[in-house]
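Position in the sequence shown (first residue = 1) + 1 = my numbering.
Where a beta carbon is used, it is the ideal one built from N, C-alpha and C, also for glycine.
Please read the structure below before turning to the comments.
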Amino acid sequence: MTHVLLDADDRRFQAEVQDFMARELAPRAGAIEREDDWEAVKAVARLLGEAGWLRLMFPDLYRGWLAKPGLTHATLLSEEAARVSYAFETTIATALSCAVPLYRHALPAVRERFLEAIVAGRAVGAICVTEPDAGSDTARLATRISRDGAGGWVVDGLKRYISNASVADVYIVYGVSDPAAAPGRGLSAVVVPAGTQGLSFPRRYSFMGRRGCVVGEVALEGCRVPADHMLGEPGQGQRIMAGMFNFERVILGGSGLGVARDAFEIARRHAQTRVAFGEPLGRKQLIWSQIAEMSWRIDAAELLTYRAAKQYDAGLAGKALAKPAAMAKLVATETAVYCADRTVQILGGDGITREFGKAEQLYRDARALPIVGGTSEMARYLIASADLPDIKPNL
Ligand SMILES: Cc1cc2nc3c(=O)[nH]c(=O)nc-3n(C[C@H](O)[C@H](O)[C@H](O)COP(=O)(O)OP(=O)(O)OC[C@H]3O[C@@H](n4cnc5c(N)ncnc54)[C@H](O)[C@@H]3O)c2cc1C
């Protein structure tokens, strides 16, 4: 089929990634799910780094055959990984959410020390935004980043729902550096290496899905870091965060698509092979219509996701990218939930049974997608804000 958004190089890259995932990730996916095996996740992330694919968004660091590597390829990577294991795929989104701010905003020594290790797959990063009283409302962050009197910074606060808490080598922490500024202003982002005194991990969460991922609390009590660990200038945290969320939402579009396609294939196979009332299930109109419903939603998600990725690669940024990125994230992640749910229904008892394949796992995994990286409600807010620029929404 001709693809209107992906060119021949994109498709060739996609096929290469599919081979890699079949070879390296698929054999480990069972252990990741059954044994909650973070070490297996980490091993594949390392191979991904060695393949050079965590450098896709940094043309001057990239060494492969793609003439114009970019977010399109990072999104393809995300989609193909999520198709095999969404839990594993989360390491790609997190690695890039650390790598991009380091690439764009870190001073040379800090960039060299942390960025190279992350994109080579040797080090694991974590992004620390969310707090007990500041989830969607990132303007309410309570973490403080203050001058320490010796020219450096001291960080105090509690972060929650942090992917890779306790297993990361480097933490990018957002907090308030100017308490006198209006809410949402006066934010900064600093790099806190693992092992910093005062850094601890009070809790690890156990979720309904995404087994294999480590997500927990990060406590920072008087954590001191040198002056050059500040990303950009003090007070630029809001801008750095917005830039990070813009591309992360496109990557999440890829995650949603991967999960949706995985579910759809299971449903499609079942509709063709399961016989009920003397004929294949797929001949029943009620099933036929659900297959069609999944199919168009997946196509819509694909078009929105790769449109946003291509726009980013063409230079669209900031507020102009917020709406297409939010649309990609919203539609693809809601499509993943829809397809996982319908697949369970089409499979009947097999759909909710661990013994009969992956449908029940997809159902549990998919549910995180409309929450992480900004909820579906926040995505709608971003979309409508672009359409109603003169009206300030009552959040
Ligand atoms: C598995 C997992 C991994 C995560 N990884 C990370 C990570 O690595 N780093 C990080 O910083 N965070 C991470 N998060 C946190 C995630 O970004 C937040 O959970 C998310 O932003 C929502 O925040 P909250 O959970 O506090 O919900 P809340 O903000 O409390 O929202 C609760 C509900 O209310 C809705 N809501 C809130 N405000 C409004 C409004 N004004 N109008 C309408 N509806 C509203 C929300 O959409 C949501 O449905 C992770 C979360 C999960 C579950």
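query	result
Beta carbon of G279 nearer than 8 Å to that of E90	no
Span separating the alpha-carbon of A94 from that of E51	17 Å
Under the three-state DSSP convention, the category V174 falls into	strand
Rounded C-alpha distance that separates G122 from R47	4 Å
Chain-order list of residues whose beta-carbon lies under 7 Å from that of A341 (same chain, five-residue window excluded)	V260, A264, L363, Y364, A367
Among A220, V193, H271, nearest to R204 - alpha-carbon criterion	A220
G126 CB to nearest heavy atom of ligand 1 below 7 Å	no
Neighbourhood of I163 by C-beta distance below 6 Å, restricted to the same chain and skipping five residues each side	A127, C129, V219
Ligand 1 heavy atom lying under 7 Å from the CB of R211	yes
Cβ-heavy atom distance, D366 to ligand 1, below 7 Å	no
Spatial distance of S86 from Q286 (CA atoms)	31 Å
Residue nearest to A110 in terms of C-alpha spacing, selected from L317, T306, Q237, A228	A228
Exposure label - V174; buried when at least 16 CB within 10 Å	buried
Neighbour-count burial assignment, D11, 16 or more Cβ in a 10 Å radius	buried
DSSP state of G283 mapped onto helix, strand, coil	helix
For M58 and R64, the rounded distance between their alpha carbons	12 Å
Buried or exposed by the 16-neighbour rule on C-beta atoms within 10 Å, applied to G31	exposed
Among D179, G217, G185, nearest to L159 - alpha-carbon criterion	G217
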